[in-house]
Amino acid sequence: MLSIFKAMNANKPQLREFDPATIQRIKEGAYLVKVISETQVAARKCDFYAGNAVDQEVKNAFADEAKLLRQSTHALQQYYESMTME
Numbered sequence: 008m009l010s011i012f013k014a015m016n017a018n019k020p021q022l023r024e025f026d027p028a029t030i031q032r033i034k035e036g037a038y039l040v041k042v043i044s045e046t047q048v049a050a051r052k053c054d055f056y057a058g059n060a061v062d063q064e065v066k067n068a069f070a071d072e073a074k075l076l077r078q079s080t081h082a083l084q085q086y087y088e089s090m091t092m093e
């Protein structure tokens, strides 16, 4: 039975193993995508709360936080793009 599987797999392309640095880079990239996504969600929530706030001081606080989150998202996206370009 084993010889049958060996014959079937003989012509299929073989996957090579990644080195530890590449594996770590893939994990970091996946984590970074998750962080970017969560940061974008947080910025949208801050915009929503700023729109619903009655007090101007609270509204400004949420708007400022949303602005900081968007800047952070932009920086993280640039870092991710630099990671994937290498």
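Each residue of the sequence shown is one higher than the last, beginning at 8 in the working numbering.
For each residue, glycine too, the CB sits at the ideal point set by N, CA and C.
Sequence-distant residues of its chain with Cβ nearer than 8 Å to residue i (five each side left out)
{"i": "L39", "result": "L83, Y86, Y87, M90"}
{"i": "F69", "result": "C53, D54, Y56, A57, A60"}
Distance, residue j Cα to residue i Cα
{"i": "G36", "j": "T80", "result": "14 Å"}
{"i": "M92", "j": "V65", "result": "41 Å"}
{"i": "N67", "j": "V42", "result": "25 Å"}
{"i": "K13", "j": "K74", "result": "58 Å"}
{"i": "N18", "j": "Q31", "result": "30 Å"}
{"i": "N16", "j": "S44", "result": "40 Å"}
{"i": "T29", "j": "D62", "result": "50 Å"}
Opening and closing residue of the alpha helix (DSSP H) in which residue i lies
{"i": "A28", "result": "27 to 59"}
{"i": "D71", "result": "63 to 92"}
Residue i beta carbon near the ligand GTP (any heavy atom closer than 7 Å)
{"i": "T91", "result": "As for the ligand GTP, it is missing from this structure, which has no ligand bound."}
Residue i burial status per 10 Å Cβ neighbour count (16 or more: buried)
{"i": "L76", "result": "buried"}
Close beta carbons around residue i, own chain, < 7 Å, minus the five adjacent residues each side
{"i": "A50", "result": "A73, L76, R77, T80"}
{"i": "Q47", "result": "T80"}
{"i": "D71", "result": "none"}
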